[in-house]
Amino acid sequence: MSSTIDSSLAPLTPSFSPTTPHPESSTTQSILQHLNLQPHPEGGYFVETDRDPLRVPNTFAPNPSSKSVETRSASTTIFYYLTPTSPLGHFHRNKARTVHTLHKGRGRYVLIHADEVKGGYDEWTNLAGKARVETFVVGQDVQAGERLQWVVEGGKYKASFLLPDEKDGESSDGLLISETVVPGFEFEDHDFLEQERFETLVTPEQAKEMEWMVRK
Ligand code: GUN
Numbered sequence: 381m382s383s384t385i386d387s388s389l390a391p392l393t394p395s396f397s398p399t400t401p402h403p404e405s406s407t408t409q410s411i412l413q414h415l416n417l418q419p420h421p422e423g424g425y426f427v428e429t430d431r432d433p434l435r436v437p438n439t440f441a442p443n444p445s446s447k448s449v450e451t452r453s454a455s456t457t458i459f460y461y462l463t464p465t466s467p468l469g470h471f472h473r474n475k476a477r478t479v480h481t482l483h484k485g486r487g488r489y490v491l492i493h494a495d496e497v498k499g500g501y502d503e504w505t506n507l508a509g510k511a512r513v514e515t516f517v518v519g520q521d522v523q524a525g526e527r528l529q530w531v532v533e534g535g536k537y538k539a540s541f542l543l544p545d546e547k548d549g550e551s552s553d554g555l556l557i558s559e560t561v562v563p564g565f566e567f568e569d570h571d572f573l574e575q576e577r578f579e580t581l582v583t584p585e586q587a588k589e590m591e592w593m594v595r596k
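Each residue of the sequence shown is one higher than the one before, starting from 381 at the first, in the numbering used here.
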């Protein structure tokens, strides 16, 4: 089967999933402990390592469902870690842009550029499968096109999943990255992609290939 998203890459299927148990290696367990990583609501693990004390004005459109804070931290940084037992970061978006830096492991990113389509940021607009979908591999093999750094602009839906450490292998000690959010992370700037909206953004074929990355 070829991918409905990017014909130069393999179809989007999980390499690690709860139905095919992959025990955490001692390396993975040690990294979780030493970095004090906690489960993230998106999947995977995280810890906030920096929050700039400088406050900057909040220029994002107010969120109707919560009382908006007038300012943001200038930036925040986290470690984010996908492991064989928590190998998937479900589709979500942030209003702020995020700079990602790889430390270890391999993974695949999938972006749905809902914000590029007129009305794409609105909750109730049906985009009739017109949103552009982008996918790329992050890893150390820069000669093969794997990325060491990647930036996701605000308003894009993003999902990520763990790939084996070696291209032909099956095991992984996890994908460890840093994410710097500018301006800094606040939960009110974050939301998950819901199944109903997902189905309006992409084609039915793309939805079939990607729906396992939508939080249920
Ligand atoms: N708290 C929960 N999730 C996040 C996140 O993604 N970034 C930061 N900085 N804090 C969080």
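For each residue, glycine too, the CB sits at the ideal point set by N, CA and C.
> His414: buried (16+ other C-beta within 10 angstroms of its C-beta) or exposed?
Replying inline: For the purposes of this step, residue 414 is identified with residue 34 of the sequence shown, where counting begins at 1. Exposed, since its Cβ has fewer than 16 Cβ neighbours within 10 Å.
> In terms of residue numbering, what span does the beta strand (DSSP E) encompassing Leu573 cover?
Replying inline: The residue given as residue 573 occupies position 193 in the sequence shown. Counting along the chain, Leu573 falls outside any beta strand (DSSP E), and DSSP gives it neither H nor E.
> Taking the alpha-carbon positions, what's the Thr515 to Ile492 distance?
Replying inline: In the sequence shown, the residue the question calls residue 515 occupies position 135. In the sequence shown, the residue the question calls residue 492 occupies position 112. Thr515 and Ile492: Cα-Cα distance of roughly 9 angstroms.
>> Could you compute how far the alpha carbon of Thr583 sits from the alpha carbon of Asn416?
In response: Translated into the one-based positions of the sequence shown, residue 583 becomes position 203. Translated into the one-based positions of the sequence shown, residue 416 becomes position 36. Approximately 40 angstroms, taken between the alpha carbons.
> Using the C-alpha atoms, what's the distance from Val594 back to Gly519?
Replying inline: Here residue 519 refers to the residue found at position 139 of the sequence shown. Here residue 594 refers to the residue found at position 214 of the sequence shown. Taking the straight line joining both Cα atoms gives about 23 angstroms.
>> Tyr461 and Leu581 - do their beta-carbons sit closer together than 7 angstroms?
In response: Here residue 581 corresponds to residue number 201 of the sequence shown, with the count starting at 1. Here residue 461 corresponds to residue number 81 of the sequence shown, with the count starting at 1. Cβ atoms of Leu581 and Tyr461: not closer than 7 angstroms.
> Excluding five sequence neighbours on each side, which residues of the same chain lie with their C-beta closer than 6 angstroms to the C-beta of Lys484?
Replying inline: Within the sequence shown, residue 484 is the residue found at index 104, counting from 1. Around Lys484: Leu556.
>> Please classify Ala524 as buried or exposed, where buried requires at least 16 other C-beta atoms within 10 Å of its C-beta.
In response: Within the sequence shown, the letter at position 144 stands for residue 524. With fewer than 16 other Cβ atoms within 10 Å, it is exposed.
> Is the Cβ-Cβ distance between Pro391 and Ser383 less than 7 angstroms?
Replying inline: Along the sequence shown, one-based indexing puts residue 391 at 11. Along the sequence shown, one-based indexing puts residue 383 at 3. In this structure, Ser383 lies closer than 7 angstroms to Pro391 by Cβ.
> Hey, which unbroken runs of the beta strand (DSSP E) at 3 residues or more fall wholly within the segment 398-433?
Replying inline: 425-431
>> Suppose you measure from the CA of Leu507 to the CA of Trp592; what does that come to, to the nearest Å?
In response: Start at 1 with the first residue of the sequence shown, and residue 507 comes out as number 127. Start at 1 with the first residue of the sequence shown, and residue 592 comes out as number 212. So the two alpha carbons sit approximately 21 angstroms from each other.
> For the segment 501-553, which segments carrying the beta strand (DSSP E) assignment without a break, of at least 3 residues, lie completely within its bounds, in sequence order?
Replying inline: 512-518, 529-532, 537-543
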